[in-house]
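Below is one structure, written out as structure tokens; the observations come after it.
Protein chains: 2
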Amino acid sequence: MEFCIVSLLADEKIYTAELIDRLKAANLIVTDGTLYPMLNRLQKGELLEYHWAESESGPPRKYYSLTDKGLTYLNELDKAWQDITSSVQTIRRGNQSE
Amino acid sequence: MEFCIVSLLADEKIYTAELIDRLKAANLIVTDGTLYPMLNRLQKGELLEYHWAESESGPPRKYYSLTDKGLTYLNELDKAWQDITSSVQTIRRGNQSE
DNA sequence: GCATGCTACCTTGCGTTACAAGGTAGCATG
DNA sequence: CATGCTACCTTGTAACGCAAGGTAGCATGC
Chain E
1 MEFCIVSLLA DEKIYTAELI DRLKAANLIV TDGTLYPMLN RLQKGELLEY
51 HWAESESGPP RKYYSLTDKG LTYLNELDKA WQDITSSVQT IRRGNQSE
Chain L
101 MEFCIVSLLA DEKIYTAELI DRLKAANLIV TDGTLYPMLN RLQKGELLEY
151 HWAESESGPP RKYYSLTDKG LTYLNELDKA WQDITSSVQT IRRGNQSE
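Protein chains in written order, with our numbering: chain E, 1 to 98; chain L, 101 to 198.
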């Protein structure tokens with residue numbers, strides 16, 4: 001999940017509702033109660049930063065973007081994800097019989 | 101994790117220490133404190149069954165195997181895993197830029 | 001200009017999962 | 001028969017995602 005968030009923020013400044021929409025478009029259902037704590041945590045870890053921007057219709061929004069540190073972190077997550085999928089593939093390869 | 105366990109038990113009767121070895125061989129590190137509760141849970145859900153078998157050197161072992169219900173469950177997990185990897189791929193595909 | 005509603009932010013409590021640590025007991029070995 | 005190894009299992013802890021609920025800005029309609 002974190003991997004997906006950080007990945008989406010890699011080259012775009014997005015606020016929470018947009019994030020949810022992007023994830024939904026990829027068939028990943030998440031609620032805002034999941035994202036807000038995660039975004040705050042990542043921001044406190046200096047992996048994300050944000051700036052306020054006014055909305056045309058409603059209250060202002062927090063647009064998040066990746067810091068340099070966050071970019072490094074993304075590369076680690078990317079590697080970790082590759083390791084996991086590779087491991088699962090290894091497990092599954094031995095058991096094609098079902 | 102559950103997916104890996106169920107997958108490994110699909111065509112072999114294995115006991116816990118062997119399971120840990122197979123997972124380790126695929127670069128997945130798990131402790132027995134993780135597996136025992138999981139195996140008991142799956143067995144209570146009638147997804148796994150076990151039989152005792154004596155060891156040549158030490159106490160008897162519980163050899164687990166998949167039930168029919170467990171096989172159905174494995175197919176669900178397999179589909180779920182494919183969905184997730186597909187979703188992550190979609191997310192990543194839009195962000196090759198870093 | 002005030003009430004209503006929508007949007008966006010955030011918090012709290014719950015269930016689940018994986019781990020570390022510790023505990024019991026069978027069996028073999030010297 | 002004492003020691004050690006193996007195998008089983010439990011307990012407490014931390015992290016994660018979700019559901020539900022809560023605050024507050026801004027727009028809209030009367």
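Glycine included, C-beta positions come from ideal geometry on N, C-alpha and C.
Residue-chain proximity (residue i, chain E), Cβ-Cβ < 8 Å
| i | result |
| --- | --- |
| A126 of chain L | yes |
| E198 of chain L | Since pLDDT at E198 of chain L reaches only 47, below the 50 mark, its modelled position is unreliable, and the value read off the structure follows with that caveat. By this cut-off, E198 of chain L is an interface position. |
| T116 of chain L | no |
| S107 of chain L | yes |
Alpha-carbon to alpha-carbon, residue j and residue i
| i | j | result |
| --- | --- | --- |
| T116 of chain L | R161 of chain L | 8 Å |
| Y164 of chain L | K144 of chain L | 12 Å |
| E112 of chain L | F3 of chain E | 34 Å |
| A125 of chain L | I105 of chain L | 13 Å |
| R192 of chain L | R92 of chain E | 23 Å |
| L35 of chain E | D21 of chain E | 12 Å |
| L123 of chain L | M1 of chain E | 23 Å |
| Y50 of chain E | L8 of chain E | 14 Å |
| E46 of chain E | S155 of chain L | 53 Å |
Top-ranked residue by Cα proximity to residue i, from the options
| i | options | result |
| --- | --- | --- |
| G90 of chain E | L:S165, L:R141, L:L128 | Inspection of the sequence shows that residue 90 of chain E is occupied by Thr rather than by Gly. Checking every option, the nearest Cα to that of T90 of chain E belongs to L:L128. |
| K69 of chain E | E:K13, E:E12, E:T34, E:L42 | E:L42 |
| T72 of chain E | E:L19, E:L48, E:G33, E:V88 | E:L48 |
| W81 of chain E | L:A180, L:D178, L:K179, L:T185 | L:T185 |
Residue-chain proximity (residue i, chain L), Cβ-Cβ < 8 Å
| i | result |
| --- | --- |
| R61 of chain E | no |
For residue i, three-class secondary structure by DSSP
| i | result |
| --- | --- |
| K13 of chain E | coil |
| E156 of chain L | coil |
| L171 of chain L | helix |
| E18 of chain E | helix |
| L77 of chain E | helix |
| L135 of chain L | helix |
| E49 of chain E | strand |
If contact means a Cβ-Cβ distance below 9 Å, which residues of the segment 166-188 of chain L contact chain E? L166, L171, L174, N175, D178, W181, D183, I184, T185, S186, S187, V188
Can you list, in chain order, the residues of the segment 118-147 of chain L whose Cβ is nearer than 9 Å to any Cβ on chain E? R122, L123, A125, A126, N127, L128
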